[in-house]
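Enquirer: One structure, as structure tokens, below. Some questions next.
In my numbering, the protein residues as written are 1242 to 1459.
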């Protein structure tokens, strides 16, 4: 085990011990990041969902399946090429009758999780961050509000000194597939382009060069 791996494992244990106080009887466990500790690209989501809570791994539900599909289409492997995590480390839940529903993380969950997420980023030290969704973007960029249409697909500065690209959360694309399939196709194409741009910035993929012809050339 490398020094970085040992430090991450220690941080994982510390995170689980500290944030277990946030867990209710409806939640199973704290969910830490996973992937290649030396990956040049870190993917950052909002919080775990029900499947992640059960398995103790980030992005293993339907959103994770869509993300992994796009990575595979680009020739990337989630265990080899990226580190995947969430800003909030516990599943934010609310009861609706006898059912559990996912809700936006509350202030207590965000504040308790942030110091551990911050240390996680500084340990990984990626070349680039890909922020999945508005909640992750607000947290990492330190903004009280964001408009996705204004920042999606743009490289922005972060307090970590690591450039970040903002894109849609896969769950948003999945919701749109059930409501507006044509719009979902556009979102998916933009999402794929953003993942590729982040991978290029991190040095995982070579940029695609479009050949041009000089004006007046025969």
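Just so it is clear, CB atoms sit at the ideal spot from N, CA and C, and this is done for glycine as well.
Because the structure is a prediction, the values reported are computed rather than measured.
#1: By DSSP's criteria, residue 1325 is part of a beta bridge. Which residues make up the other side?
#2: Do residue 1382 and residue 1286 have their beta-carbon atoms positioned less than 7 Å apart in this structure?
#3: With DSSP run on the structure shown, which of helix, strand or coil describes residue 1306?
#4: Of all the options 1279, 1294, 1303 and 1282, which has the alpha carbon lying nearest to the alpha carbon of residue 1264?
#5: Where residue 1242 and residue 1251 are concerned, what is the direct C-alpha to C-alpha distance, given to the nearest angstrom?
#6: Below 8 Å CB to CB, which residues in the same chain sit around residue 1406 once its five sequence neighbours on both sides are set aside?
#7: So residue 1337 is in the beta strand (DSSP E); what residue range does that whole segment cover?
#8: I need the boundaries of the alpha helix (DSSP H) containing residue 1376, first residue and last residue.
#9: Can you check whether the C-beta of residue 1280 is within less than 7 Å of a C-beta belonging to chain C?
#10: What do you reckon, are the CB atoms on residue 1290 and residue 1272 nearer than 7 Å?
#11: Please report the Cβ distance between residue 1353 and residue 1445, rounded to the nearest whole angstrom; I am assuming they are in contact, meaning their Cβ atoms lie under 8 Å.
#12: Taking all protein chains shown into account, decide if residue 1322 is buried (16 or more other Cβ within 10 angstroms of its Cβ) or exposed.
#13: Specify, as a first and last residue, the run of the alpha helix (DSSP H) that residue 1436 falls within.
#14: Please state whether DSSP places residue 1264 in a helix, a strand or coil.
#15: DSSP three-state call for residue 1258: helix, strand or coil?
#16: Quick check: the Cα distance between residue 1426 and residue 1347, rounded to an integer number of angstroms?
#17: Report the partner residues of residue 1370 according to the DSSP bridge assignment.
Expert: Reading from the atomic positions:
#1: Your numbering for residue 1325 matches position 84 in the chain shown. The partner list for residue 1325 (beta bridge, DSSP) reads 1275 and 1284.
#2: Reading the chain shown from its first residue, position 45 is the one you call residue 1286. Reading the chain shown from its first residue, position 141 is the one you call residue 1382. Contact: no.
#3: Residue numbering aside, residue 1306 sits at position 65 when the chain shown is read from its first letter. Helix.
#4: As a first step, residue 1264 is located in the chain shown; it is residue number 23 there, counting from the start. Of all alpha-carbon atoms in 1279, 1294, 1303 and 1282, the one lying nearest the alpha-carbon of residue 1264 is that of 1294.
#5: In the chain shown, counting from the first residue as 1, residue 1242 sits at position 1. In the chain shown, counting from the first residue as 1, residue 1251 sits at position 10. Cα to Cα, residue 1242 sits roughly 12 Å from residue 1251.
#6: Locating residue 1406 in the chain shown gives position 165, counting from the first residue. Result list for residue 1406: 1369, 1370, 1371, 1372, 1394, 1395, 1396, 1397, 1435, 1438, 1439 and 1442, in chain order.
#7: For this step, residue 1337 is matched to residue 96 along the chain shown. Counting along the chain, the beta strand (DSSP E) containing residue 1337 begins and ends at 1334–1337.
#8: Here residue 1376 refers to the residue found at position 135 of the chain shown. It spans 1375–1382 - the alpha helix (DSSP H) in which residue 1376 sits, taken as one unbroken run.
#9: Among the chains of the structure shown, chain C does not appear; only one protein chain is present.
#10: As a working mapping, residue 1290 is identified with position 49 in the chain shown. As a working mapping, residue 1272 is identified with position 31 in the chain shown. Result no, Cβ atoms of residue 1290 and residue 1272 do not sit closer than 7 Å.
#11: Within the chain shown, the letter at position 112 stands for residue 1353. Within the chain shown, the letter at position 204 stands for residue 1445. Wrong, their Cβ atoms sit about 32 Å apart, outside the cutoff.
#12: Position 81 of the chain shown, counting from 1, holds the residue named residue 1322. Buried, since its Cβ has 16 or more Cβ neighbours within 10 Å.
#13: Mapped onto the chain shown, residue 1436 falls at position 195. Element bounds for residue 1436: 1422–1442.
#14: In the chain shown, the residue the question calls residue 1264 occupies position 23. Secondary structure of residue 1264 (DSSP, three-state): coil.
#15: Position 17 of the chain shown, counting from 1, holds the residue named residue 1258. If DSSP states are grouped into helix, strand and coil, residue 1258 belongs with the helices.
#16: Sequence index remark: in the chain shown, residue 1426 carries index 185 (1-based). Sequence index remark: in the chain shown, residue 1347 carries index 106 (1-based). Residue 1426 and residue 1347: Cα-Cα distance of roughly 31 Å.
#17: In the chain shown, counting from the first residue as 1, residue 1370 sits at position 129. Paired residues: 1283 and 1405.
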